[in-house]
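A.B. asks: Can you read through this structure? Questions will come right after.
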Amino acid sequence: MEARAIRSDRIRVFKGAVAIVTGGASGIGLSLAKELANRGASVVIADKNIAEAQKAAAKIAEGGRSVVAVEVDVTDYASVEKNVREVFDAEGRLDYMFNNAGIGVCGLMKDFTIDDWRKVIDVNLMGVINGVQAVYPLMLDQGFGHIVNTSSMGGLVPFPLTGSYTASKYAVVGLSKSLRVEAMDGGVRVSVVCPGVVRTPLLKGKGDSVLLYDVPEDKVEQSWKRTFPADPDRFARSVLDQVGRNKAVIIVPAWWKILWWMERSSPTLMSMLMKKQFYDVAIKDLKDYIPGFKK
Ligand code: NAD
6 MEARAIRSDR
16 IRVFKGAVAI
26 VTGGASGIGL
36 SLAKELANRG
46 ASVVIADKNI
56 AEAQKAAAKI
66 AEGGRSVVAV
76 EVDVTDYASV
86 EKNVREVFDA
96 EGRLDYMFNN
106 AGIGVCGLMK
116 DFTIDDWRKV
126 IDVNLMGVIN
136 GVQAVYPLML
146 DQGFGHIVNT
156 SSMGGLVPFP
166 LTGSYTASKY
176 AVVGLSKSLR
186 VEAMDGGVRV
196 SVVCPGVVRT
206 PLLKGKGDSV
216 LLYDVPEDKV
226 EQSWKRTFPA
236 DPDRFARSVL
246 DQVGRNKAVI
256 IVPAWWKILW
266 WMERSSPTLM
276 SMLMKKQFYD
286 VAIKDLKDYI
296 PGFKK
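Take the sequence shown: its position 197, counting from 1, is numbered 202 in the working numbering, and each next residue is one higher.
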């Protein structure tokens, strides 16, 4: 086996760091990219939507910040690997890999097609795996680095109506926690971010993210409002503060931790709460649009 390179540097938090953010053209990824750049990092926005990624990069770069946009499809390992290799070759280091790109398909599991499942698993799980596989050996070689995977509160607590999303996000939590232990001796940090609800286009169920039913947009918005969506820029500041402290599981907004604690204390109680609270309150506005919905 080849010898690992001698460690010559340490991770930079965040001034002078080099960071890739997948899905950085919109929502949470965009706010993370902005905040990383504000804190002095060189940022690569890696997104399959190159037009939006370029717009975002140009906006962030105003004021002399270092940001570029690259077209990357996280479901395609070759595309992810190429981007990582090019960044590494150009910069000579890679401090952060934010595996953030993700989509949601919302609906009762009986209404899912096998393609709905594949789409979600491909982006949310394989996308993270591709990112990890592409950067982890390089980070071990350089002797430092931080992999930050975006899961969800849906990766800690079993929300109904999001079966494929929940499955993918639980897997991301497991992968991240396992790798965190394994990576410690190599100087590589691993964190998993579990957002509560954040005000981004994903909530609209448009584009890549899909709601399986034909629900008017105002009803969807009304429904999400009940969960007090967080502002994405505030969210990103809090996440980066905790990434800087190398926290293992990062839950933002913090009040969502109550649900995680409840799930670990009593999964039975949590299932009851999910049934009552979720069906009665969270999807109150959607029920009429779900064919065959029984309550
Ligand atoms: P968003 O829809 O605003 O942004 C997602 C970005 O990912 C888009 O720019 C899109 O082009 C990109 N993308 C999608 N598929 C891709 C692919 N195959 N390759 C490369 N880029 C791709 O969504 P968001 O709300 O900012 O979500 C970001 C992450 O946060 C996701 O992993 C999501 O599951 C997670 N999350 C979001 C919320 C929330 O409330 N918004 C809650 C929990 C978790």
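Glycine residues also receive a C-beta, built at the ideal position from the N, C-alpha and C atoms.
Computed from a prediction, not measured in an experiment: that's the story for all the values here.
1) Answer with buried or exposed for A8, where buried requires no fewer than 16 other C-beta atoms within 10 angstroms of its C-beta.
2) Below 9 angstroms between beta carbons: does that hold for V26 and V79?
3) Go ahead and label M189 buried or exposed: buried means 16 or more other beta carbons lie within 10 angstroms of its beta carbon, across all protein chains shown.
4) Using a Cβ-Cβ cutoff of less than 8 angstroms, which residues in the same chain neighbour F117 once the five nearest sequence positions on both sides are dropped?
5) Return the CA-CA distance between I33 and V137, expressed in angstroms with no decimal places.
6) Return the Cβ separation of F149 and V193 in integer angstroms, given the expectation that the two are a contact with Cβ distance under 8 angstroms.
7) Please report the distance separating the alpha-carbon of H151 from that of W122.
8) For T167, which beta-bridge partners are listed by DSSP?
9) Near T232, what residues of its chain come up, given a Cβ to Cβ distance below 6 angstroms and the 5 sequence neighbours on each side ignored?
10) Buried or exposed, going by whether 16 or more other CB atoms sit within 10 Å of the CB of I11?
11) Going by DSSP, name the residue or residues bridged to D52.
12) Starting from R194, trace the beta strand (DSSP E) in both directions and tell me its first and last residue.
13) Is the Cβ-Cβ distance between V254 and S196 less than 9 angstroms?
14) Taking the runs of the alpha helix (DSSP H) that are 4 residues or longer, which of them lie wholly in the region 249-278?
15) With a threshold of 16 other CB atoms inside 10 Å of the CB of I263, please say whether the residue is buried or exposed.
16) Scan the region 81-131 and note each continuous beta strand (DSSP E) run of 3 residues or more that stays entirely inside, going in chain order.
17) For V77, count neighbouring C-beta atoms within 10 Å of its own C-beta (all shown protein chains included) and say buried if the count is 16 or more, exposed if not.
18) Counting C-beta neighbours from all protein chains within 10 Å, is the total for Q147 16 or more, i.e. buried, or is it exposed?
19) Give me the Cα-Cα distance between K292 and C199, rounded to the nearest whole angstrom.
20) Pull up the DSSP beta-bridge partners for V215, would you.
21) For the alpha helix (DSSP H) containing G32, name the first residue and the last one.
22) Kindly indicate the opening and closing residues of the beta strand (DSSP E) around V26.
23) Report all residues from its chain with a CB closer than 6 angstroms to the CB of S156; omit the five preceding and five following residues, and keep chain order.
24) If the criterion is Cβ atoms closer than 9 angstroms, does the pair N135 and E86 meet it?
25) Considering only heavy atoms of ligand 1, does any lie closer than 8 angstroms to the CB of P165?
26) Check whether the Cβ atoms of K53 and A139 sit closer than 9 angstroms, and answer yes or no.
27) Which stretch, first to last residue, makes up the alpha helix (DSSP H) that contains V225?
28) Using the C-alpha atoms, what's the distance from P142 back to S181?
29) Alpha carbon to alpha carbon, how far is A38 from S31? Give it in angstroms, no decimals.
30) Taking V18 as the reference, give the member of N43, G29, S36 with the closest Cα.
C.D. replies: From the atom records:
1) Below a pLDDT of 50, predicted positions are generally treated as unreliable, and A8, at 41, falls in that range; no measurement from the model is reported.
2) no
3) exposed
4) V110, G168, S169, L217
5) 19 angstroms
6) 7 angstroms
7) 29 angstroms
8) G112
9) V202
10) In this prediction, I11 scores a pLDDT of 45, lower than 50, which makes its location untrustworthy; the coordinate-derived value is nonetheless stated afterwards. Exposed, since its Cβ has fewer than 16 Cβ neighbours within 10 Å.
11) E76
12) 193-200
13) yes
14) 262-270, 272-278
15) exposed
16) 101-104
17) buried
18) buried
19) 27 angstroms
20) V110
21) 32-43
22) 23-27
23) K174, V177, V178, V197, C199
24) yes
25) no
26) no
27) 222-230
28) 15 angstroms
29) 10 angstroms
30) N43
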